[in-house]
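K.L.:
Sending over a structure as structure tokens; questions will come in a sec.
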Amino acid sequence: MERLPQMLDHPTARKDEPSPPWNGRSRHLAPVRQSQDLDFPADFTDVSTRELRLLCNRTYEQLDTDHPALETREQYEALVEELERRERQAERRGTDVAARETFRDNALFSRFELFRDGVMAGYMQYEMRGSHVLLLHSVIDPRFRRMGLEPVLMQAVLLNAHRRRLAVVPYCPEAQNFLAAHPQYLSLIPAAQRRRFARLLASRADHAGRDA
């Protein structure tokens with residue numbers, strides 16, 4: 001599994017310590033386009049889910065500025081609504097499978113747990129810091145790795161945080177991967193961390209483009 005560079009503040013770091021200097025890679029990053037430059041579809045019917053996620057990611061980059069345009073905010077909300085609608089449809093189609101999976105917050109051991117047919121299939125270790133939940137690392141039982149349960153666990157964790165109005169700090173590489181692929185959840189990241197995470201995504205995209 002790909003290991004992403006850890007650019008977010010480490011949970012054990014002192015808050016008065018200065019951030020490390022930027023290494024100059026910003027010259028590789030593409031400039032953020034203005035909303036009028038984005039080809040925003042008038043109808044999502046013929047747009048694939050993958051294309052919607054990419055567009056949502058680009059729109060979020062514009063939204064995460066000091067003075068985002070109202071049009072950009074409306075476009076981002078429309079994209080999130082459409083992605084969530086498609087996810088609900090997919091969940092309804094997979095009701096029989098989903099009924100076999102249960103999720104719980106085990107506060108005693110500080111982990112979110114996913115069970116399948118009564119057997120623990122995986123968990124996400126976390127740490128609570130006030131209204132912030134720090135996602136530290138995830139584990140999937142080898143017996144369940146071919147079932148594609150990791151995205152199920154990640155989505156359950158993020159939805160749980162959303163319902164409880166908790167901000168999410170994704171130190172776990174698996175959580176970072178999921179957020180990169182599902183930008184509608186990026187708003188759960190605290191504002192102070194969003195731009196660092198956006199740089200993390202941009203850096204990864206830059207490296208992927210050069211390796212292609």
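So that you can map any letter, position 26 of the sequence shown is 26 in UniProt numbering, and since no number is skipped, the others follow by simple counting.
Each residue gets a CB set at the ideal place from its N, CA and C atoms; glycine is no exception.
Since the structure is predicted, the reported quantities are computational estimates derived from the model, not experimental observations.
Considering only residues of the same chain and omitting the five flanking positions on each side of M147, which have a CB-CB separation below 8 Å?
P.N.:
One-based indexing of the sequence shown puts residue 147 at position 147. Once the five neighbours on either side are set aside, the close Cβ partners of M147 are R116, A121.
K.L.:
What residues are listed by DSSP as bridge partners for H137?
P.N.:
Taking the sequence shown and counting its residues from 1, one reaches residue 137 at position 137. In the DSSP output, where bridge partners are listed per residue, H137 has Q125.
K.L.:
Roughly how many angstroms lie between the CA atoms of L153 and F40, to the nearest whole one?
P.N.:
Your numbering for residue 153 matches position 153 in the sequence shown. Your numbering for residue 40 matches position 40 in the sequence shown. Those two C-alpha atoms are separated by around 31 Å.
K.L.:
Using the three-state DSSP reduction, which class does H162 fall into: helix, strand or coil?
P.N.:
The residue labelled residue 162 in the question sits at position 162 within the sequence shown. Helix, per DSSP.
K.L.:
Pick out whichever of R129, Y123, T72, D46 has its Cα sitting closest to the Cα of F109.
P.N.:
Numbered from 1 along the sequence shown, position 109 holds the residue referred to as residue 109. Minimum Cα distance to F109 is reached at Y123.
K.L.:
Thinking E174 and S138 are a contact (beta carbons under 8 Å), I'd like their distance in whole angstroms, please.
P.N.:
Start at 1 with the first residue of the sequence shown, and residue 174 comes out as number 174. Start at 1 with the first residue of the sequence shown, and residue 138 comes out as number 138. Indeed they touch by this definition, with Cβ atoms about 5 Å apart.
K.L.:
Locate the alpha helix (DSSP H) running through A180, then write down its first and last residues.
P.N.:
Taking the first residue of the sequence shown as position 1, residue 180 is located at position 180. Note, A180: alpha helix (DSSP H), 173-181.
K.L.:
In the DSSP assignment, find the beta strand (DSSP E) that holds L114 and state where it starts and stops.
P.N.:
By 1-based counting over the sequence shown, the position of residue 114 is 114. Where L114 is concerned, the enclosing beta strand (DSSP E) stretches over 111-116.
K.L.:
Alpha carbon to alpha carbon, how far is H162 from L188?
P.N.:
Sequence index remark: in the sequence shown, residue 162 carries index 162 (1-based). Sequence index remark: in the sequence shown, residue 188 carries index 188 (1-based). Rounded to whole angstroms, H162 to L188 spans 7 Å at the Cα level.
K.L.:
Roughly how many angstroms separate the alpha carbons of A30 and N177, rounded to a whole number?
P.N.:
Residue numbering aside, residue 30 sits at position 30 when the sequence shown is read from its first letter. Residue numbering aside, residue 177 sits at position 177 when the sequence shown is read from its first letter. Note that A30 scores 44 on pLDDT, short of 50, meaning its location in the model is unreliable; the coordinates nonetheless yield the value given after this. In a straight line, the C-alpha of A30 is about 20 Å away from that of N177.
K.L.:
Look at the Cβ atom of P170, then the Cβ atom of L135, and state whether they are nearer than 7 Å.
P.N.:
Reading the sequence shown from its first residue, position 170 is the one you call residue 170. Reading the sequence shown from its first residue, position 135 is the one you call residue 135. The Cβ atoms of P170 and L135 lie closer than 7 Å to each other.
K.L.:
For a test of the three-state rule: what should DSSP assign to V80, helix, strand or coil?
P.N.:
As a position in the sequence shown, residue 80 is number 80, starting the count at 1. Of the three classes helix, strand and coil, the one that applies to V80 here is helix, per DSSP.
K.L.:
Can you tell which of F144, E81, Y126, N106 has its C-alpha closest to the C-alpha of E119?
P.N.:
Mapped onto the sequence shown, residue 119 falls at position 119. Checking the displayed sequence, the identity of residue 119 turns out to be Val instead of Glu. Out of F144, E81, Y126, N106, F144 has the C-alpha closest to the C-alpha of V119.
K.L.:
In terms of residues, what are the limits of the beta strand (DSSP E) holding T102?
P.N.:
Position 102 of the sequence shown, counting from 1, holds the residue named residue 102. Note, T102: beta strand (DSSP E), 101-106.
K.L.:
DSSP state of P151, grouped into three classes?
P.N.:
The count along the sequence shown starts at 1 and reaches residue 151 at position 151. It is helical.
K.L.:
Less than 7 Å between C-beta atoms, sequence neighbours within five positions excluded: which residues of the same chain meet that for L52?
P.N.:
For the purposes of this step, residue 52 is identified with residue 52 of the sequence shown, where counting begins at 1. Contacts found: F44, L79, E82, L83.
K.L.:
Residue range of the alpha helix (DSSP H) that Q62 falls in?
P.N.:
Position 62 of the sequence shown, counted from the first residue, corresponds to residue 62. Start and end: 49-63.
K.L.:
For P190, report the span of its beta strand (DSSP E) as first-last.
P.N.:
Within the sequence shown, the letter at position 190 stands for residue 190. From DSSP, P190 is part of no beta strand (DSSP E); its letter is neither H nor E.
K.L.:
T49 to Q184, Cα distance in whole Å?
P.N.:
By 1-based counting over the sequence shown, the position of residue 49 is 49. By 1-based counting over the sequence shown, the position of residue 184 is 184. Near 12 Å, if we compare the C-alpha coordinates of Q184 and T49.
K.L.:
Are the CB atoms of A181 and F103 within a distance shorter than 7 Å?
P.N.:
Against the sequence shown, residue 103 aligns to sequence position 103. Against the sequence shown, residue 181 aligns to sequence position 181. Not a contact, by the Cβ cut-off of 7 Å.
K.L.:
Can you tell me which of E91, N106, A107 puts its alpha carbon nearest to the alpha carbon of R100?
P.N.:
Along the sequence shown, one-based indexing puts residue 100 at 100. Of the candidates E91, N106, A107, the one whose C-alpha sits nearest the C-alpha of R100 is E91.
K.L.:
With respect to the beta strand (DSSP E) encompassing P170, which residues constitute its N-terminal and C-terminal limits?
P.N.:
The residue given as residue 170 occupies position 170 in the sequence shown. 167-170 is the extent of the beta strand (DSSP E) around P170.
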